[in-house]
Amino acid sequence: MMLSRHPRLPEACGARSLRLGDAASAGPIARLPSLAGSGAHLHLMHTKGRPRSRYPVQYAAHADASSQQREDSSSVNTGPAGLHGANLGATADPFAPKPDWSSMSYNQQYTALFGDAPLDTLRLETKKAICRPCREAQNLEAGATKVLASDVHAVRRRNLWVDRKWTAMDVGYAAFLGGMHIVACLAPFTFSWEMVGLFMGMYFITGCLGITLSYHRQLSHRSFTTPKWLEYTLAYCGVLAAQGDPIEWVSAHRYHHLHCDTPLDPHSPYEGFWWSHAGWLLDNEITNVRVHDRTNAADMEGQWFYRWLAKTWPWHVVCQFAILFVLGGLPAVVWGGALRLCWVYHITWFVNSASHVWGNQTYATGDLSRNNWWVGILAFGEGWHNNHHAFEFSARHGLEAWQFDMTWILIKALQIVGLASNVKLPTEKQKERLRLKNV
């Protein structure tokens, strides 16, 4: 595994330069978030004064509005009070000095945003960006621990298992995930090469075609266009991965990109590796505060097919298991169903966790995103995550010839046969503009 070459921030965290002297990691459009982590929001280059967009974003209808939001929210005066005035702004002294939002650690920003108020009373304006935290301040936080073999210092903010509130959704999701992992343990007892072939086929259909090609690059980032019949077919493959309906997934991922590695990011490793991997999925109380407003996916809400999938997607997952059982009995359910689901889950989650703590950075993004070669292979090119965060609109994540990107190969093939158009790629000028000087 590649260790991080993530450069350190300059001494003056308040400078907010995404060039970071030598440095950078920046966030998603998302998570999503949410991936993460994902609709069409601008990444910005922060200078000492006002931020400027790094590149023109042309792939989503709300990109211009998002750019203006980032512009407005970059001001220190629009810190936490601007996000939930009912909790901070309404009681704060209007003549008191405004906090330097950009010099705060992640932990300090989290406390300022969420405070001690019950989460169900918060009404955060999640469609406006806030300044990303100062990494050096986070490194000095009391109680911060380094994620293994990385330079990321995390402070756990939520109890993961005990002494916490479990909503009905949390319990249901934990039971489903736990059940799938238990059934997957039957794989050694139901092994056959035929089942291995079924596993690999379903892994490709749901993981590559469904999640990376459809949910992520086409729907979240609009990096290419296909005929509607093909778009809907690919999206249906994503439903079979049991990661939620397309609207939900895309909305969370767009928030991840807008708020990458800030306290509004659904899954930042600043709260711990496990949190960014899967913990956030099991804590609907705070995740819902961060991604509750799905109007950032209005481009999909307006299409009947996605509204239908939002209402019916669990039944498609159930039918998938029923068909597997009819065709291949218990071995097919284990290998083509449970084991494959768990595998695709963890590969997807590694993009949010491993690719934000391990690897190297080529481009100044201002967040923790890294290029991670082994995630790149397992996740069909998604592991070239720093490239992706630098150029969210790009249909290609493996920007170098040696960076294997299976999803890009498929997009290029679709383009050659006339089934993909408006394929977006960064120019050499754009790449040089963001390339770190020490790379």
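Take 1 as the starting number for the sequence shown in the UniProt record's numbering and just add one per residue. Backbone N, C-alpha and C define an ideal beta-carbon position, used for all residues, glycine too.
From residue i to residue j, what does the alpha carbon distance come to, in whole angstroms?
i, j, result
"arginine 156", "proline 188", "36 Å"
"glycine 336", "tryptophan 358", "30 Å"
"alanine 129", "aspartate 261", "11 Å"
"valine 171", "alanine 117", "23 Å"
"leucine 186", "leucine 330", "9 Å"
"lysine 412", "proline 269", "33 Å"
"valine 289", "aspartate 120", "8 Å"
"tyrosine 173", "arginine 254", "22 Å"
"glutamine 69", "histidine 259", "With a pLDDT of 43 at glutamine 69, under the threshold of 50, the modelled position of that residue is not reliable, and no figure is offered here."
"glutamate 400", "tryptophan 408", "12 Å"
"histidine 181", "proline 246", "24 Å"
"valine 375", "histidine 389", "15 Å"
"asparagine 360", "aspartate 367", "12 Å"
"histidine 221", "phenylalanine 393", "6 Å"
"phenylalanine 176", "methionine 195", "22 Å"
"leucine 160", "tryptophan 101", "28 Å"
"glycine 207", "leucine 378", "10 Å"
"threonine 427", "methionine 406", "21 Å"
"cysteine 319", "valine 152", "42 Å"
"leucine 240", "leucine 309", "11 Å"
"isoleucine 416", "glutamate 285", "46 Å"
"leucine 434", "tyrosine 363", "5 Å"
"glutamate 271", "threonine 111", "13 Å"
"glutamate 141", "cysteine 131", "18 Å"
"tryptophan 229", "valine 423", "18 Å"
"alanine 248", "threonine 226", "Strictly speaking, residue 248 in this sequence is glutamate, with alanine absent from that position. Cα-Cα distance, rounded: 21 Å."
"isoleucine 347", "glycine 115", "33 Å"
"lysine 311", "leucine 281", "20 Å"
"valine 317", "tryptophan 193", "24 Å"
"glutamine 108", "glycine 201", "46 Å"
"glutamine 430", "asparagine 387", "12 Å"
"alanine 144", "glycine 179", "33 Å"
"methionine 300", "glutamine 218", "12 Å"
Would a C-beta distance cut-off of 7 Å place residue i and residue j closer than the cut-off?
i, j, result
"proline 314", "threonine 287", "no"
"phenylalanine 224", "alanine 420", "yes"
"tyrosine 232", "phenylalanine 305", "yes"
"residue 440", "arginine 370", "Because the chain is modelled from 1 through 439, residue 440 falls outside the range shown and cannot be assessed."
"aspartate 283", "arginine 158", "yes"
"alanine 184", "alanine 322", "no"
"residue 440", "isoleucine 211", "Given that the chain is displayed from residue 1 to residue 439, the structure contains no residue 440 and the question cannot be resolved."
"proline 263", "leucine 436", "no"
"valine 147", "alanine 137", "no"
"leucine 234", "leucine 209", "yes"
"leucine 341", "alanine 252", "no"
"glycine 381", "asparagine 372", "no"
"proline 133", "serine 105", "yes"
"leucine 324", "valine 333", "yes"
"phenylalanine 404", "glycine 398", "yes"
"alanine 297", "valine 250", "yes"
"threonine 126", "aspartate 293", "yes"
DSSP three-state label for residue i, please.
i, result
"alanine 332", "helix"
"tyrosine 59", "Reliability of the predicted coordinates at tyrosine 59 is poor, the pLDDT of 33 falling under 50, and no value is obtained from them."
"arginine 222", "coil"
"alanine 154", "strand"
"alanine 424", "A small correction: the amino acid at residue 424 is lysine; alanine does not occupy that position in the sequence shown. Correct three-state label for lysine 424: coil."
"lysine 437", "coil"
"threonine 121", "helix"
"threonine 145", "strand"
"isoleucine 411", "helix"
"alanine 92", "Any reading at alanine 92 is ruled out, since the residue's pLDDT is 48, under 50, leaving its predicted position unreliable."
"alanine 129", "coil"
"serine 105", "coil"
"proline 269", "helix"
"alanine 338", "helix"
"aspartate 170", "helix"
"glycine 204", "The sequence as given places phenylalanine at residue 204; glycine does not occur at that position. In the structure shown, phenylalanine 204 sits in a helix (DSSP, three-state: H, G or I)."
"phenylalanine 191", "coil"
"arginine 31", "Bear in mind that a pLDDT of 31 at arginine 31, under 50, signals an unreliable position, so the model cannot answer this."
"glutamate 432", "helix"
"tryptophan 161", "coil"
"glycine 179", "helix"
"valine 318", "helix"
"leucine 209", "helix"
"leucine 419", "coil"
- [ ] Determine contact between the segment 270 to 277 and the segment 351 to 370, defined as no fewer than three beta-carbon pairs at a distance below 8 Å.
- [x] Segments in contact, yes.
Open item on the list: List, from N- to C-terminal side, the alpha helix (DSSP H) runs of 4 residues or more that fit wholly inside the segment 348 to 407.
Closed with: 373 to 378, 385 to 390
Task: Contiguous alpha helix (DSSP H) assignments of at least 4 residues, all confined to the segment 226 to 312 - done: Segments of the alpha helix (DSSP H) lying fully in the segment 226 to 312: 228 to 239, 246 to 258, 273 to 277, 284 to 291, 298 to 301.
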